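The numbering of the sequence shown is the numbering used here, which starts it at -8 and goes up by one.
For every residue, glycine included, the Cβ atom is placed at its ideal position computed from N, Cα and C.
Keep in mind that this is a model prediction, so the values were computed, not measured.
Here the structure is laid out as structure tokens; the discussion comes afterwards.
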Amino acid sequence: MVEPKYPTGGEKLIQCLEREGVEYVFGLPGGAAIPIFDALVDSKINLILTRHEQGATHMADGYARSSGKPGVVLVTSGPGATNTVTGLLTAHMDSAPLVVICGQQILPQLGKDAFQEADVTGITYSVVKHSYLVKDADDLPQTVREAFHIATTGRPGPVLIDVPKDVSQGPCPAPFTDVLDLPGYSVPTRAEPEQLVEAARLLSEAKRPLLYVGHGAVISGAAKAITTLAEKLRAPVVTTLLGKGAVDETHPLHLGMLGMHGTAYANKAVVACDLIMSIGARWDDRITGRVADFCTEAVKIHVDIDPAEFNKVIKPDLCVLGDARLVAEDLIPQIEMADTKDWLKQCDRWRRQYPLKYPKQGGLRAQHVLDRLDSVTQGNAYITTDVGQHQMWAAQFCRTRSARHWLSSGGAGTMGYGFPAAIGAQVAHPDEKVWAVVGDGGFQMTLSELATAQIHALPLKCLIINNNFLGMVRQWQELFFENRLSGVELKGNPDFVKLAQAYGVKGLRIRRPADVDRILQEAHDYNDGPCVVVAEVVQEDNVFPMIPAGATLGEMLIEPPKNRLEKPTGST
């Protein structure tokens, strides 16, 4: 009798990924993961070989955020796995659906400090939505099915699967399964009727209502419903950094981003509103400023799919548990149109009185470059950013017209995110325009992924805002620490154009304001591979408006202060 030939655990794992509809895996191989990488050879799944595991997680993150599909990462054990931690934190803080698969030492060696062994499930416990250590190959089909379900439902997030090498190279006779066994895991959908009735009453009675829209609205696909809700309420809309695109930023009711570096008119509307409804946003510290003084006279409604966010920062008058899109859709027929004519006129006055502005003289300004990038893209490109001054200027000047077209590291503030995230977005949307807006500091943390972009001939564009400083830290040191600069001047920066060319990538440079439009358009039209544009901008420029940490929105700085500011008491 011939013994049946079963697939190996690695082969079964890859087959499970195929059943989940996975098209791309981002990763880097190593000894403990070889059986899984070997199974990829015979699979239709495309491997995007990266130059660093952190880059792999950011690529998968960019793929996930821009497409709505889960991003998949495959790495080896030990340092291969621990190099994903920054990407896991980034995805966890911003609710991006990832499945990260790690090779691991064989089961008999666990806990014995074997070569490239690390307690990955323990190390990553606080930065994942859930994690698995697979000790039996027969558990792989169930584990993968559960991992994808958990990563993509409710409030999305990263899930980690740790696979010992003897599990991945041994036989796996277990059948595929679609059965989920997740006691205690439930996903809210529609809100309770009584919550909707109360929300509709409060909204209909408000004279100065404001919709505060976050990333949850983007994730749930609530753009159309929230736009209709705002139009029926005749209420202005403000968005968080990650909420950009949840409502078309060219819509007349849109006041832009609120918070620490939001538009002045958005923040003034927040201060003056008599009702603020958070839809898929979590009242984080970048938004509220000093919590005790945030919207003290306004009714507060919080709509969220994650009940853990209720009463965490703000104690609202009403919490509505449910999916942002479904809640908005269910509210629309229940609300009555309020008389907000005077309120909207006031918001328009603020918009005219406090426009975004920047000096037109004194050299090349980052704000000018990003303002013109908005003109070139018309708000229709996928834009990813790194973290720092360029990120805030991009958020201010680069309008986002559609959901999932703006990708940035919000909660974690991860430098090095922008460029690999753009690679992931370009992989997800090969025929669309993708721009990465990065600083010279953050770009150098993951610049080795230029090789990844070049090998795959990805036509993404990388705009480096080069001021030879860690600009946001320098800004804080100037404003709050008597300009005692410490560790912020980036001496030794390479010539980024030559660096790009060394990777076989097209490089362009902008030095003068007169060259901005021509060079941005040249890069935008270039589709034969990646293109790096280096903008040599004014070194010591600051982002305004700005709300100092620990201050209130009413204490917003619209222009450079004339007097030295006190050191902030809140977080940076």
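Legend entry - C-beta contact flag for ALA191 and LEU19 at 8 Å: no
Legend entry - Backbone secondary structure at GLY432 - three-state DSSP: helix
Inset, instruction - Count the other C-beta atoms from every protein chain shown that fall within 10 angstroms of the C-beta of PHE167, then say buried if there are 16 or more, exposed otherwise. - result: exposed
Legend entry - Residues sharing a beta bridge with LEU309, DSSP: ILE292
Inset, instruction - Under 8 Å by Cβ, that's how I've got HIS238 and ALA257 pegged, so tell me the actual separation to the nearest angstrom. - result: The residue asked about is misnamed: residue 238 is Val in this sequence, not His. The Cβ separation is near 12 Å, so there is no contact.
Inset, instruction - Hey, could you find the ends of the alpha helix (DSSP H) HIS420 is sitting in? - result: Taken as a continuous stretch (DSSP letters only), HIS420 belongs to no alpha helix (DSSP H), as it is neither H nor E.
Legend entry - Extent of the continuous alpha helix (DSSP H) to which CYS93 belongs: Looking at the DSSP string, CYS93 is not in any alpha helix (DSSP H); the run it does join, the beta strand (DSSP E), is 89 to 95.
Legend entry - Contacting residues, own chain, Cβ-Cβ under 7 Å from VAL228 (five flanking each side not counted): LEU202, VAL204, ALA221, VAL238, LEU244, HIS245 and LEU246
Inset, instruction - Pull up the distance between the alpha-carbon of ILE270 and that of GLN337, whole angstroms please. - result: 23 Å
Inset, instruction - Using beta-carbon positions only, say whether GLY430 and ASP377 come within less than 8 Å of one another. - result: yes
Inset, instruction - State the start and end residues of the unbroken beta strand (DSSP E) segment that holds VAL63. - result: 62 to 66
Legend entry - contact_flag[the region 434 to 451, the region 45 to 59] where n(CB pairs < 8 Å) is 3 or more: yes
Inset, instruction - List the endpoints of the continuous beta strand (DSSP E) containing VAL204. - result: 200 to 204
Legend entry - First through last residue of the alpha helix (DSSP H) which encompasses GLY46: 44 to 58
Legend entry - Proximity winner among GLU44, GLY46 and PHE28, relative to LEU38 (alpha-carbon distances): PHE28
Inset, instruction - Determine the DSSP secondary structure at TRP384, reduced to helix, strand or coil. - result: helix
Legend entry - Assumed close pair GLU11, ILE36 - CB separation to whole angstroms, cut-off 8 Å: GLU11 to ILE36, Cβ: 10 Å. No contact.
Inset, instruction - Starting from ARG500, follow the alpha helix (DSSP H) in both directions and report where the run begins and ends. - result: Segment 497 to 501 is the beta strand (DSSP E) holding ARG500; no alpha helix (DSSP H) there.
Legend entry - Candidates ARG502, ARG56 and ALA165: closest to LEU355 by CA position: ARG502
Legend entry - Distance between ARG199 and GLN435 (C-alpha atoms, nearest Å): 46 Å
Legend entry - GLU567, DSSP secondary structure in three states: In this structure the chain extends from -8 to 563, so residue 567 is not present and cannot be described.
Inset, instruction - Could you tell me the distance, in whole angstroms, from the CA atom of GLN468 to the CA atom of PHE460? - result: 12 Å
Inset, instruction - Decide if the region 127 to 134 is in contact with the region 53 to 63; the criterion is three or more beta carbon pairs, one per stretch, under 8 Å apart. - result: no
Legend entry - alpha helix (DSSP H) segment containing ASP362, residue limits: 357 to 368
Inset, instruction - Whole angstroms is fine: what's the gap from GLY250's alpha carbon to VAL496's? - result: 37 Å
Inset, instruction - Classify GLN186 as buried or exposed, calling it buried when 16 or more other Cβ atoms lie within 10 Å of its own Cβ. - result: buried
Legend entry - Beta-carbon contacts of GLY280 that lie in its chain and below 7 Å, excluding the five residues immediately before and after: ILE538, ALA542, THR543 and LEU544
Inset, instruction - Return the CA-CA distance between LEU151 and LEU556, expressed in angstroms with no decimal places. - result: 45 Å
Inset, instruction - Pull up the distance between the alpha-carbon of THR331 and that of ALA226, whole angstroms please. - result: 7 Å
Legend entry - C-beta contact flag for LEU499 and VAL524 at 8 Å: yes
Inset, instruction - Report yes if the CB atom of GLN100 is closer than 8 Å to the CB atom of THR(-1), and no otherwise. - result: no
Legend entry - Alpha-carbon to alpha-carbon, TYR373 and LEU451: 10 Å
Inset, instruction - Tell me, please, which residues DSSP counts as bridged to PRO155. - result: GLN95
Inset, instruction - Please name the residue, chosen from TRP426, CYS389 and PRO350, that lies closest to SER587 on a Cα-to-Cα basis. - result: What the structure shows of the chain is the stretch from -8 to 563, and residue 587 is not part of that stretch, so it cannot be assessed.
Inset, instruction - Kindly confirm or deny that the region 396 to 416 and the region 343 to 361 touch, where touching means at least three C-beta pairs closer than 8 Å. - result: no
Inset, instruction - Pull up the distance between the alpha-carbon of LYS351 and that of VAL529, whole angstroms please. - result: 12 Å
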